[in-house]
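Student: The structure is given below, and queries will be raised subsequently.
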Ligand code: AP5
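Residue numbers (our numbering): 131 to 345.
Following this line, the structure appears as structure tokens:
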């Protein structure tokens, strides 16, 4: 499959993308994960991105497009990919459209996860993430907790809260989403690619996406 997952912070993009990966060997490409790995590794990209991320702001489009132009040409993308957190601005979406033309990539569709704001705020303050960069399993202390002593059920590493999960940063991320990312819903509607899913249960969402891929 070749799909994009859109949704506000905490809508469940990462959770749904990880479930979809298991279906046909398609890979999850999360710009958030790529950036967090760069911050941890202290690379030039990480140094440039950290301040934006900690504030809850978007990283400049040019940095993201450089990452994605290279990433989409790696051999593991041939089987398929699930874009999680990209594109995030109209400019990124326009540039992705040109890139797909250039690389001869045809997207199946764009998934929009629709989740009410109060649910999102609750999910983000209760999310925990595996600290192992190779794993990054997503947990929720209410709906999907890690082990009782706070370890990842998959790899046993410590499960932590992300740096951008302060209340201040969460509120700012939601404002940034409304201003810069929500317009992508109209963009992909015009492109005839948008499919809307109420993200109540991630497993149900995945079942609906599977049906759409078949039809
Ligand atoms: P990124 O990592 O993409 O963060 P985000 O969009 O804010 O999304 P999240 O990862 O917070 O949430 P999610 O929708 O994946 O939800 P999840 O599945 O974890 O980006 C981080 C930062 O990087 C950005 O702020 C920006 O600075 C930068 N960045 C990244 N991409 C960029 C780009 N393209 N351009 C510019 N800057 C960029 O679920 C949330 C919680 O809810 C979890 O606890 C989960 O267990 C739980 N949950 C999920 N689904 C359900 C459900 N159905 N029922 C109950 N609980 C659920």
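In this text, a Cβ means the ideal position worked out from N, Cα and C, and glycines have one as well. Because the structure is a prediction, the values reported are computed rather than measured.
So, with DSSP's three-state summary, where would you put residue 158?
Tutor: Strand.
Student: With a threshold of 8 Å (Cβ to nearest heavy atom), would residue 291 be considered close to the ligand AP5?
Tutor: No, the Cβ of residue 291 stays beyond 8 Å of every heavy atom of the ligand AP5.
Student: Quick check on the DSSP output: what are the complete alpha helix (DSSP H) runs of length 4 or more inside the region 188-224, in order along the chain?
Tutor: Fully enclosed alpha helix (DSSP H) runs of 4 or longer: 191-201.
Student: Which one of 259, 318, 305, 284 has the shortest CA to CA distance from residue 224?
Tutor: Checked all of 259, 318, 305, 284; the closest Cα to residue 224 is 318.
Student: Just grab the DSSP bridge partners of residue 135 for me.
Tutor: 214, 241.
Student: Would DSSP call residue 323 helix, strand or coil?
Tutor: Here residue 323 sits in coil by DSSP.
Student: When you compare only the Cα positions, how much space is there between residue 325 and residue 264?
Tutor: Using only the alpha carbons, I get a separation of about 30 Å.
Student: Would you report the Cα separation of residue 287 and residue 267, rounded to the nearest angstrom?
Tutor: So the alpha carbons of these two residues sit roughly 10 Å apart.
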